[in-house]
Amino acid sequence: MTFRRPLAVLLAAALTACLGSVDIGGTLSGLPSGSSVTLQNNGTDNLTLTADGSFTFADAIGDGESYSVTVLTQPVGATCTVTSGSGTVSESSSTSITSVVVTCTATSSISGTVTGLASGLNLTLLNNGTTELIVPKDGAWSFAGTVASGTTYNVTVKAQPIGQTCTVTKGTGTYTSGTATAIQVTCV
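Under my numbering, the final residue of the sequence shown carries the number 839; numbering is consecutive throughout.
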């Protein structure tokens, strides 16, 4: 029978591919409550997670193929990083690779409010003596970018507005969830 041999070879190849497939996964920690992070494996297999714990991508990887896990979409209020997120599946791999580690760290902008600033005047603030921000009016302000939990901040007045004195309250500290967003600047 001429069809049996090619069919047998095709079936054997299909079974080898199935048996050589490895699930890719790992653990997620530090995701803020109510947030989500989207991971991606090899640029196509997306996985959205909403809680800490174990995860596994939907698409298994075949023997000899590489995997590369990245963060596609960061959660609001945190930055997530991937360690042990890439490698190549080998014959010695078990049926699953669970060594991918995704760690999220809370982030926030250094921000606050200014009150009492006279119309038409500017206030210049500094964070840690280097990052400058010009505040043109009363209300909310925010330094560009975000900082991770554990980062120190020290907001001071670099240049007082003409004819006014502005003071900073709650301008120094180490960022933990929410502490770098309640800085108050009062001008008189």
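For glycine and all other residues, C-beta sits at the position ideal for the given N, C-alpha and C.
One Cα belongs to VAL839, the other to VAL786, and the distance between them is close to 15 Å. With contacts defined as CB atoms closer than 7 Å, ALA795 and THR758 fail to qualify as a contacting pair.
In this structure, GLY715 sits away from SER672, with a CB-CB distance that is not shorter than 7 Å. In the DSSP assignment, LYS821 falls outside any beta strand (DSSP E), carrying neither H nor E.
When beta bridges are read from the DSSP output, GLY738 appears opposite TYR718.
Per DSSP, LEU768 lies in no beta strand (DSSP E) and is assigned neither H nor E. Look at THR832 here: in three-state DSSP terms it is helix. Using a Cβ distance threshold of 7 Å, VAL798 and CYS817 do not count as a contacting pair. Apart from the 5 residues on each side of it in sequence, ALA711 sits with its Cβ closer than 8 Å to the Cβ of SER672, VAL673, ASP674, ILE675 in its chain, given in chain order.
In terms of CA proximity to ILE813, GLY771 leads the group GLY771, LEU690, THR721, SER793. When only Cα atoms are considered, LEU698 and SER744 end up about 22 Å apart. In this structure, DSSP gives ASN692 an extended state, which the three-state scheme calls strand.
For TYR826, the three-state secondary structure derived from DSSP is coil. When beta bridges are read from the DSSP output, ILE675 appears opposite ILE748.
Per the Cβ contact rule, the segment 686-697 is not in contact with the segment 758-769 (fewer than 3 Cβ pairs under 8 Å). At a Cβ-Cβ threshold of 7 Å, SER719 and SER737 count as neighbours. Cβ contact annotation for LEU700 (same chain, cutoff 6 Å, sequence separation greater than five): LEU679, VAL688, PHE706, in chain order. Contact between ALA702 and LEU682 is confirmed by a C-beta separation of about 7 Å, below the 8 Å threshold.
A straight-line Cα-Cα distance of about 49 Å links LYS821 and SER747.
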